[in-house]
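Residue numbering for the sequence shown is 27 to 197, as defined by the numbering used here.
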Amino acid sequence: IHMTETGKVVRAGGWGYLLGDEGAGYWIGREAIRRTLTAIDTKSAITKGSLEAEVLDFTKCKDWNEIKEYVYSKDRSAIAALAKPVITLAKSGDLVAQDILAIAADYLIDLVLQLESVVAKPELPVMFAGGITEAGDSITDLINIGIGRDLLLSKVRIANRAAEIAAENLT
């Protein structure tokens, strides 16, 4: 979200988990579940310490039916909570987890570039808020490398930061 000098709000992405919130915590968690389901469907070996094993352990599920029940019976925050183990596994070298975070970073980079293009201002100050800020350096580094500059991942709550931005722009 960007607010112009005239107070116009310009947005890119952030449509919510049902319409497409690629790169967000829910998306990361859902992608981890999808990768696990693919491993189950293809009868791939699920080794201790792997992303797939972590998803099964985290959800207390053993197979696709249990995962389906888990996903459809839980609140979206339960799916988003899987982002934390994905981040931890990525830091420890799990290639599947690293791939998920790399794709998430690419989506977020695209949103930044889209916003800059719409407002015709390159290198806008950018701040990410919400669950993705829990990813810390894991995703920040990928975004900064991909975009070619340092961006800020804010650990403030969205509502609080939105109020601060609005207050700053009232004067």
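Note that CB positions come from ideal geometry on N, CA and C, so glycine has one too.
Residues near residue i by beta carbon distance below 7 Å, same chain, minus five either side
i	result
Ala79	Ile72, Thr73
Tyr52	Tyr43, Arg102, Ile105, Ala106
Ala123	Leu77, Val112, Leu115, Ala116
Cβ distance (whole Å) where residue i is taken to contact residue j below 8 Å
i	j	result
Gly55	Leu121	So it is not a contact: roughly 18 Å between Cβ atoms.
Leu77	Arg60	Not really, about 11 Å apart at Cβ, beyond 8 Å.
Ala116	Leu127	5 Å
Asp132	Gly172	7 Å
Thr85	Tyr98	Not confirmed; about 12 Å, so no contact.
Distance cut-off 6 Å: residue i Cβ against heavy atoms of the ligand NAD
i	result
Gly49	In terms of ligand content, the structure shown is empty, and the ligand NAD therefore cannot be addressed.
Top-ranked residue by Cα proximity to residue i, from the options
i	options	result
Asp125	Val112, Glu142, Leu134, Ile135	Val112
Leu141	Thr32, Thr30, Gly174, Val36	Val36
Trp90	Gly75, Thr68, Arg175, Lys110	Thr68
Asp136	Glu48, Lys88, Lys100	Glu48
Beta-carbon proximity list for residue i, same chain, < 6 Å, skipping 5 on both sides
i	result
Val144	Val36
**Report entry** Inside the stretch 84–119 only - alpha helix (DSSP H) runs reaching at least 4 residues
**Finding:** As far as the stretch 84–119 is concerned, its whole alpha helix (DSSP H) runs of at least 4 residues are 90–99, 102–106, 109–117.
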